[in-house]
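The sequence shown begins at 29 in the working numbering and counts up by one.
Positions of the beta carbon are idealized from the N, C-alpha and C atoms, including for glycine.
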Amino acid sequence: MFKGITKRWVLNTLLVVVVVVLFVVFCLSYAVRIYYYHSVSQTLSSASAEFQSVLENYTSDSPAFASTARGYVENFEGKEKMEITAIDAFGNVIITSTGFTPDSTEQMPDYLKATGENLSYYEWTGKLSSNENVKAVTRLIKNSEGDTIGAVRCIISLTDIDRTIGTAIALFCGFGLLIISLVVFSGLYFVRSIVTPVRELSETAKKIAQGDFNTKIEKTHDDEIGDLCDSINNMATELGASERLKNDFISSVSHELRTPLTAIKGWAETMQYCGTVDKETFDKGMDIIVKESSRLTSIVEELLDFSRLQSGRMILMQEKLDILAELDEVLYMMKERAISEEKHLLYDKPEAMPPVEGDKNKLRQVFINIIDNALKYTQSEGVVGIQVLDKNDFVSVVVTDTGCGIAPDDLPRIKDKFYKANQNVRGSGIGLAIADEIIALHGGSLDIESGIGVGTTVTISIPVAK
Ligand code: ADP
């Protein structure tokens, strides 16, 4: 009937509340009954003791016994509530406060027990032949020799008391039911306020798992559930964004691969068609095929590095090296390109730099990425300047360009994988992510400062070898 959280609430809370309420109602009812019955017993005891003290100086066969008893009974004030009876030594009723001669068939179990077992006092609770519930006590009157010379008997009807106790129990039960109903209503409201949004959350999570990242859940409560709604909504937005980035990445990479492939295929077909007859065309074609193939190789290398980084499999082949020598190699490769793109590549080479501990190929790759970006995002006639500085136990390579710059909104995300601030320029959006990770593995840092229309400055800092 109940499932999930509702079932847990019923078992853990409602059941406990019901048991506690039942227990309290039972204890209270029992206490009320004890209280009333006990006060009846006390009334009977004191009334019988008083009556006995009046009669104990007489023998029951003397006329004084009967007249004293009669006088006492006639003046007895509690007649309305209690019946008092004087009994002689032979068990005959001398006088009773009701004024009627008692029914001789009516048993007097308390009197029989007291006399039978010679008990000076005995209390009995039970039903009369009229079905009336009563409490009766018998107190024997004894002479100085210890012989029973008579008895007094007091009876109180329990009908009114039982009715009062019944009313009290009914009140307790009603109060208990009220508490249980309140707990049920408030509990069900509370459980529903959790279960309903959790169900919606689960539906939304299923939709997100199926790829519907636009789905949103409405935040109805400003509490932990509300926070969970916010987190799921944020998660959907983030997943949607990373899905878009991934798709952009695939299309950028495909485009990156297609451009050199188209060139290679085109020139290969031209050469196939022309043969070796046209030496000039053949040489130009070969040149382009070789260049585009190495571009393809570097794209694939970059992708492989990225996948190694993702799986944490990138290992550095550390050695002591001179950063200036590595930079020279890279600049040698880049010089031709800068000239052909009509950009000024300025290098302010220092005399010497302290050696650093690092992976030659990886650091070269970082320099290529950063200088490639500087050239890529700078228009012709622009300037790309390179400086190497030695400060605070770090060797820093500073690459400054006068290119388009990066918008302040894009700047914090520029090192994220797949993130491209400029969609119109070729690139996969993973170059800076790889460079940043490689420099971090060297214990250094890669800092970017930029302004739109001003240009960009990238500072690569690597610790000096100990
Ligand atoms: P990509 O292969 O697209 O260049 P990167 O990770 O190298 O990827 O760079 C990420 C983004 O950072 C680029 O898309 C570009 O928008 C921006 N960027 C990087 N370097 C520069 C720069 N020197 N000038 C302007 N924008 C840059």
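Check: Please state whether DSSP places Cys432 in a helix, a strand or coil.; Outcome: coil
Check: Beta strand (DSSP E) containing Glu111: first to last residue?; Outcome: Met110 to Asp116
Check: Alpha helix (DSSP H) containing Leu83: first to last residue?; Outcome: Leu43 to Leu83
Check: Closer than 7 Å: is that where the CB of Asp475 sits relative to any heavy atom of the ligand ADP?; Outcome: no
Check: Within 7 Å: the Cβ of Gly313 and any heavy atom of the ligand ADP?; Outcome: no
Check: Three or more beta-carbon pairs under 8 Å between the region 75-90 and the region 215-232, yes or no?; Outcome: no
Check: Kindly indicate which residue of Lys371, Val384 and Val426 has the alpha-carbon position closest to the one of Lys404.; Outcome: Lys371
Check: Look at Ile183 and Glu111 and say whether their C-beta atoms are less than 8 Å apart.; Outcome: yes
Check: What does the Cβ neighbour count give for Ile278, buried or exposed, with the cut at 16 atoms within 10 Å?; Outcome: exposed
Check: Take the Cβ of Asp315 as the centre, count every other Cβ of all protein chains shown within 10 Å, and call the residue buried at 16 or more, exposed below.; Outcome: exposed
Check: For His470, count neighbouring C-beta atoms within 10 Å of its own C-beta (all shown protein chains included) and say buried if the count is 16 or more, exposed if not.; Outcome: buried
Check: Rounded to whole angstroms, what's the CA-CA distance from Glu364 to Ser478? Just pull it up for me.; Outcome: 26 Å
Check: Please determine, among Ser489, Ser282, His283 and Asp311, the residue with the shortest C-alpha to C-alpha distance to Ala296.; Outcome: Asp311
Check: Let me confirm a value: Lys234 is counted as buried when at least 16 other C-beta atoms fall within 10 Å, else exposed. Which label applies?; Outcome: exposed
Check: For Arg181, count neighbouring Cβ atoms within 10 angstroms of its own Cβ and tell me buried if that reaches 16, exposed if not.; Outcome: buried
Check: Alpha carbon to alpha carbon, how far is Gly194 from His66? Give it in angstroms, no decimals.; Outcome: 16 Å
Check: What does Ala164 pair with, by DSSP beta-bridge criteria?; Outcome: Trp152 and Ile183
Check: From Leu273 to Tyr447, what distance separates their C-alpha atoms?; Outcome: 7 Å
Check: Closer than 7 Å: is that where the CB of Thr224 sits relative to any heavy atom of the ligand ADP?; Outcome: no
Check: With a threshold of 7 Å, establish whether the CB of Thr484 neighbours any heavy atom of the ligand ADP.; Outcome: yes
Check: Cβ of Ser456 within 7 Å of any heavy atom in the ligand ADP?; Outcome: yes
Check: Among Gln407, Lys445, Leu349 and Ile123, which has the Cα closest to the Cα of Lys494?; Outcome: Leu349
Check: Report yes or no: do three or more beta-carbon pairs, one from the region 443-461 and one from the region 384-402, lie closer than 8 Å?; Outcome: yes
Check: Where does Ala142 land, buried or exposed, given buried means 16+ other C-beta within 10 angstroms?; Outcome: buried
Check: Name the two residues that bound the continuous beta strand (DSSP E) containing Tyr405.; Outcome: Tyr405 -> no beta strand (DSSP E), and no H or E assigned at all.
Check: Give me whichever residues DSSP pairs with Asp418 in a beta bridge.; Outcome: Val423
Check: Cβ of Ser456 within 8 Å of Cβ of Gly472?; Outcome: no
Check: Mapping the DSSP letters down to three states, classify Ile122 as helix, strand or coil.; Outcome: strand
Check: Name, in chain order, the residues that DSSP records as bridge partners for Ser214.; Outcome: Ser214 is not bridged to any residue.
Check: Is Cys302 a contact residue of the ligand ADP, with contact defined as CB to any heavy atom under 7 Å?; Outcome: no
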